[in-house]
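First to last, the protein sequences are chains A and B. Start counting the first sequence at 32; every next residue gets the next number (this note's numbering). Start counting the second sequence at 7; every next residue gets the next number (this note's numbering). Encoded as structure tokens, the structure appears first; notes follow it.
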Amino acid sequence: MTRRELLALASTSTLVRANEAPTAPVAIARCASYDEDLDSILKTMFDQVGLDRMVANKTVAIKLNLTGSPSIRFQGKPLGSTHYTHPKTIGAMIAQLDRAGAKRIRLVESCAGTAGPLEEYMLDSGWNVRSLQSAATRAKLEFENTNALGKSKKYVRVKPSGKPYIFPAYELNSAYVGTDLFMSMAKLKNHATCGVTLSMKNCFGNTPASIYGDDAGVDEPNESPTKGRLAVCHFGKRAPSKVALPELDPQSSREPEYRMPRITAELVSARPIDIAFIDGVETVSGGEGPWIRGLRYIRPGVLLLGTNGVTTDAVATAVMGYDPMAAKGTKPFAKCDNTFKLAEALGVGTADLKRIEVRGLAIQQARFPFES
Amino acid sequence: MVFAMLLLTAAANWVPMRWTAADPASLAILKGTPVNCLLLEKAAVNPKTVEAATKSGIETMAVIGAGATEEQVQSASEMKLKGVVFEGDYAADAAARLRKVATDSGLLTIDLPPRSKMRFDAALPVVGTYEGVWPGIRVEEEGAAKAAPSGGPWIDTNSGFLRFVRAATDAPVWIGVRPPAGSAITAERYMQAISDAAIVGARWILALDEDLQRRLLAGEEPALKAWQRIVGLLSYFESHNDWRTMKPAGELAILQDVDSGALLSGGVLDMIAVKHTPVRPVPTHSLDPKSMQGTKMAVNVDPGALSDAQKQTLRTWTRSGGTLLNGPATWKFPAPQAGQITLSDADVKTLDDIWKEMNSMTGRRNLGVRLFNVSSMLSNFTESADRTTSVLQLVNYSGFPVENVTVHLLGKFKSAQLLAPGAPPKKVEAYEVEEGTGVDIDGVNVAATLLMER
Numbered sequence: 032m033t034r035r036e037l038l039a040l041a042s043t044s045t046l047v048r049a050n051e052a053p054t055a056p057v058a059i060a061r062c063a064s065y066d067e068d069l070d071s072i073l074k075t076m077f078d079q080v081g082l083d084r085m086v087a088n089k090t091v092a093i094k095l096n097l098t099g100s101p102s103i104r105f106q107g108k109p110l111g112s113t114h115y116t117h118p119k120t121i122g123a124m125i126a127q128l129d130r131a132g133a134k135r136i137r138l139v140e141s142c143a144g145t146a147g148p149l150e151e152y153m154l155d156s157g158w159n160v161r162s163l164q165s166a167a168t169r170a171k172l173e174f175e176n177t178n179a180l181g182k183s184k185k186y187v188r189v190k191p192s193g194k195p196y197i198f199p200a201y202e203l204n205s206a207y208v209g210t211d212l213f214m215s216m217a218k219l220k221n222h223a224t225c226g227v228t229l230s231m232k233n234c235f236g237n238t239p240a241s242i243y244g245d246d247a248g249v250d251e252p253n254e255s256p257t258k259g260r261l262a263v264c265h266f267g268k269r270a271p272s273k274v275a276l277p278e279l280d281p282q283s284s285r286e287p288e289y290r291m292p293r294i295t296a297e298l299v300s301a302r303p304i305d306i307a308f309i310d311g312v313e314t315v316s317g318g319e320g321p322w323i324r325g326l327r328y329i330r331p332g333v334l335l336l337g338t339n340g341v342t343t344d345a346v347a348t349a350v351m352g353y354d355p356m357a358a359k360g361t362k363p364f365a366k367c368d369n370t371f372k373l374a375e376a377l378g379v380g381t382a383d384l385k386r387i388e389v390r391g392l393a394i395q396q397a398r399f400p401f402e403s
Numbered sequence: 007m008v009f010a011m012l013l014l015t016a017a018a019n020w021v022p023m024r025w026t027a028a029d030p031a032s033l034a035i036l037k038g039t040p041v042n043c044l045l046l047e048k049a050a051v052n053p054k055t056v057e058a059a060t061k062s063g064i065e066t067m068a069v070i071g072a073g074a075t076e077e078q079v080q081s082a083s084e085m086k087l088k089g090v091v092f093e094g095d096y097a098a099d100a101a102a103r104l105r106k107v108a109t110d111s112g113l114l115t116i117d118l119p120p121r122s123k124m125r126f127d128a129a130l131p132v133v134g135t136y137e138g139v140w141p142g143i144r145v146e147e148e149g150a151a152k153a154a155p156s157g158g159p160w161i162d163t164n165s166g167f168l169r170f171v172r173a174a175t176d177a178p179v180w181i182g183v184r185p186p187a188g189s190a191i192t193a194e195r196y197m198q199a200i201s202d203a204a205i206v207g208a209r210w211i212l213a214l215d216e217d218l219q220r221r222l223l224a225g226e227e228p229a230l231k232a233w234q235r236i237v238g239l240l241s242y243f244e245s246h247n248d249w250r251t252m253k254p255a256g257e258l259a260i261l262q263d264v265d266s267g268a269l270l271s272g273g274v275l276d277m278i279a280v281k282h283t284p285v286r287p288v289p290t291h292s293l294d295p296k297s298m299q300g301t302k303m304a305v306n307v308d309p310g311a312l313s314d315a316q317k318q319t320l321r322t323w324t325r326s327g328g329t330l331l332n333g334p335a336t337w338k339f340p341a342p343q344a345g346q347i348t349l350s351d352a353d354v355k356t357l358d359d360i361w362k363e364m365n366s367m368t369g370r371r372n373l374g375v376r377l378f379n380v381s382s383m384l385s386n387f388t389e390s391a392d393r394t395t396s397v398l399q400l401v402n403y404s405g406f407p408v409e410n411v412t413v414h415l416l417g418k419f420k421s422a423q424l425l426a427p428g429a430p431p432k433k434v435e436a437y438e439v440e441e442g443t444g445v446d447i448d449g450v451n452v453a454a455t456l457l458m459e460r
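Written out as structure tokens, the structure reads:
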């Protein structure tokens with residue numbers, strides 16, 4: 032980070048916004064296995080954060096975390112047991128939202144390297160899509176691959192609140208905006224670049240590869256993308272398609288440890304998370320997926336639910352044995368900037384544990400150090 | 007003449023295994039297994055072993071490498087072996103001379119030459135080669151699986167090559183690749199090697215690595231358990247010989263031949279197999295209206311090889327609705343050089359070009375069957391002559407069981423049955439999907455077969 036950037040981050044106005052950042056309660060539950068009564072556990076967690084009242088007659092878009100190709104597995108284990116959102120938690124969440132009176136439930140994800148149907152990507156992930164479809168009895172269940180236009184007619188531009196860091200606005204598939212509530216359904220994991228990847232970092236994948244992908248069109252979106260977002264987002268080696276607004280400062284750092292936390296913070300500011308769910312029943316430590324060396328399969332046996340991405344992720348980070356307010360240079364933010372502080376500065380939510388009410392299991396009881 | 011015909015017919019049911027043990031007592035491990043033809047290596051060629059094998063109903067063939075003498079062939083006759091296997095890179099005149107000596111001595115002859123010297127005569131008892139890749143997922147340093155251009159793990163397989171050979175001959179097809187020396191080989195890897203050939207109707211010449219054979223003959227319990235699993239899978243395929251009579255199904259044809267890369271592994275047919283698109287290999291030299299029946303798309307790797315009549319066949323086919331992807335001259339892979347069994351680096355670039363063009367032609371279209379959650383697997387889709395029965399074979403190369411495989415078949419099927427080694431046949435639900443019929447398979451260990459009835 033340059034001195035100018037440091038000063039900008041630490042400016043008085045930013046600190047004021049951090050102090051004013053909203054808070055929201057976070058529920059933690061013990062869940063040792065995906066074979067437990069997930070319906071009952073989720074119902075309790077919904078009650079603890081007051082979600083039942085929120086979802087009645089609403090459309091809920093659920094952003095899943097299906098990072099990396101389904102063909103890449105860790106030690107041959109099912110994807111949901113390591114680095115993907117687990118299908119059983121999704122089935123239980125659909126059932127819970129359905130019972131709570133949701134009108135429409137839309138599963139969304141930007142599937143790695145394809146604009147094909149999300150249902151087929153799920154089948155390739157070893158999921159039983161028919162079983163998911165039967166989990167909703169009243170609500171209409173929809174699927175959308177947000178890597179391109181999908182079923183929409185046009186992209187929707189969203190802008191971060193406050194002063195953005197990298198991009199002034201983002202073009203997204205309209206599924207993220209044409210919804211009453213937006214849920215990020217994430218996994219409790221480390222991230223090789225950002226330290227942790229939870230409900231907020233999951234939203235990095237909101238960006239369509241058609242516009243932000245390595246093979247995005249120069250002028251217009253490429254509606255058949257086959258690559259990831261490394262060149263545009265991680266490294267800033269090229270601009271997104273011209274339908275999107277370009278970077279604010281092409282001279283700023285090209286380091287992913289600088290860019291990715293900022294882009295994540297901007298995205299959750301531009302499209303705030305209304306419901307954050309984090310699956311830590313079974314997962315991996317040491318990185319976000321099998322392509323990271325040194326990965327370990329672990330079983331923390333916890334679930335987290337909240338109504339603010341920053342507060343929920345802050346508590347989750349504490350459960351992982353880290354200080355969510357840690358500065359760059361301290362794990363989990365050993366090499367990167369702290370995404371939570373950046374989001375906090377945009378007024379998204381607070382990462383200060385003293386300001387976050389934890390319901391259900393206490394952090395101490397749920398703690399599962401990822402570094403051990 | 008009649009005797010020769012009988013031998014040819016019998017060879018169709020031979021289940022071959024390489025044999026190096028000199029002690030006739032070692033044959034006891036074959037009791038109750040489908041192995042019924044031993045390829046005796048030099049150390050194992052002795053009258054007692056031949057006699058013991060014959061008494062057990064096992065045929066014996068002497069393996070004779072390049073540089074063999076007429077005396078070796080005559081010796082095989084004197085020891086009353088059924089025949090000889092000429093394995094290796096023989097000079098043409100030497101092979102012909104030794105073959106004549108063998109035939110004059112009443113011996114059956116089987117050739118296992120390099121791929122580049124394979125013959126496809128229907129009158130041969132067996133068409134085979136000793137050259138092949140060792141089937142399985144290629145692992146790079148530190149245990150990471152190598153990724154293929156398609157994004158999935160890179161599966162080393164002989165199945166594409168064997169598909170072509172099966173299309174080019176009516177003779178039984180054997181592949182004699184040996185396990186890699188100096189590495190620990192699990193039972194799963196042997197099972198993958200068996201399945202890799204069996205799903206396309208060929209046979210791998212069973213060959214044990216030195217360590218497993220030593221432990222097996224010493225009666226070590228883990229080795230015996232591994233052996234039971236290996237021969238259990240072999241029995242599974244051999245008890246369904248009717249699957250070998252099925253013909254490749256699906257709407258995509260690949261026109262390729264010996265001189266345009268069909269004898270190389272990792273080529274066009276393997277690339278398509280990784281995508282699990284059912285494919286019918288059509289050797290270019292035998293292209294006729296019948297070979298294109300039922301197909302709707304075709305990739306012609308070497309248009310320059312077509313005769314005028316064949317060009318007319320394709321014109322008629324495209325006028326009736328077929329979509330043809332004609333490759334440019336650069337798509338023609340060179341015929342394999344001596345010792346070459348996989349594509350060169352330059353050829354891989356060509357393959358990538360074909361992949362892109364073919365992908366844009368086929369897209370997500372269902373050309374017979376589409377499979378999901380099968381990145382560590384290969385499959386083969388065949389059907390009976392009357393098209394009432396379809397057979398989908400699956401091999402899992404990952405070493406881990408794969409759960410929840412979904413199959414979408416083109417057209418309506420009224421029933422589905424799942425078969426797997428060591429498990430009773432299981433009726434599975436055939437449900438309606440957009441393309442026709444969907445089936446869910448709970449899990450696949452090494453191999454599984456889906457039988458569909460219309």
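Beta carbons: idealized from backbone N, C-alpha and C, even for Gly.
Determine, for residue i, whether the minimum Cβ-Cβ distance to residues of chain B falls below 8 Å.
{"i": "A:G81", "result": "no"}
{"i": "A:L154", "result": "yes"}
{"i": "A:S102", "result": "yes"}
{"i": "A:P256", "result": "no"}
{"i": "A:E173", "result": "no"}
{"i": "A:E313", "result": "no"}
{"i": "A:E319", "result": "no"}
{"i": "A:G259", "result": "no"}
{"i": "A:N159", "result": "yes"}
Under 8 Å between C-beta atoms, does residue i make it to chain A?
{"i": "B:P159", "result": "yes"}
{"i": "B:E363", "result": "no"}
{"i": "B:F387", "result": "no"}
{"i": "B:E409", "result": "yes"}
{"i": "B:S404", "result": "yes"}
{"i": "B:D446", "result": "yes"}
Check the C-beta distance from residue i over to residue j and give it rounded, since I have them as a contact under 8 Å.
{"i": "A:L180", "j": "A:N204", "result": "7 Å"}
{"i": "A:D333", "j": "A:G311", "result": "The sequence shown places Val at residue 333 of chain A, rather than the Asp named in the question. The Cβ separation is near 4 Å, so the contact holds."}
{"i": "B:P407", "j": "B:S241", "result": "In fact, because the Cβ distance is near 20 Å, the residues do not count as touching under 8 Å."}
In terms of residues, what are the limits of the alpha helix (DSSP H) holding residue i?
{"i": "A:G122", "result": "118 to 130"}
{"i": "A:T342", "result": "340 to 350"}
{"i": "B:N365", "result": "351 to 368"}
{"i": "A:L163", "result": "160 to 164"}
May I have the straight-line CA-CA distance separating residue i from residue j, to the nearest angstrom?
{"i": "B:K432", "j": "B:I161", "result": "28 Å"}
{"i": "A:C142", "j": "A:D68", "result": "29 Å"}
{"i": "A:D250", "j": "A:V274", "result": "6 Å"}
{"i": "A:L154", "j": "A:L163", "result": "11 Å"}
{"i": "B:T368", "j": "B:A304", "result": "10 Å"}
{"i": "B:L312", "j": "B:P289", "result": "11 Å"}
{"i": "B:L45", "j": "B:G134", "result": "13 Å"}
{"i": "A:A223", "j": "A:G99", "result": "14 Å"}
{"i": "A:E319", "j": "B:A58", "result": "60 Å"}
Which partner residues does residue i have in the DSSP bridge list?
{"i": "B:H414", "result": "B:R376, B:G444"}
{"i": "B:R24", "result": "B:L45"}
{"i": "A:Y289", "result": "BP columns for A:Y289 are empty, so no partner."}
{"i": "A:F213", "result": "A:A92"}
{"i": "B:P254", "result": "B:T388"}
{"i": "B:N451", "result": "Bridge partners of B:N451: none, in fact."}
Go to residue i, then tell me how far its beta strand (DSSP E) extends in each direction, as first and last residue.
{"i": "B:T55", "result": "Per DSSP, B:T55 belongs to no beta strand (DSSP E); it is in the alpha helix (DSSP H), 53 to 61."}
{"i": "B:W180", "result": "179 to 181"}
{"i": "B:V288", "result": "285 to 289"}
{"i": "A:L279", "result": "Premise fails: A:L279 is in no beta strand (DSSP E) and is neither H nor E."}
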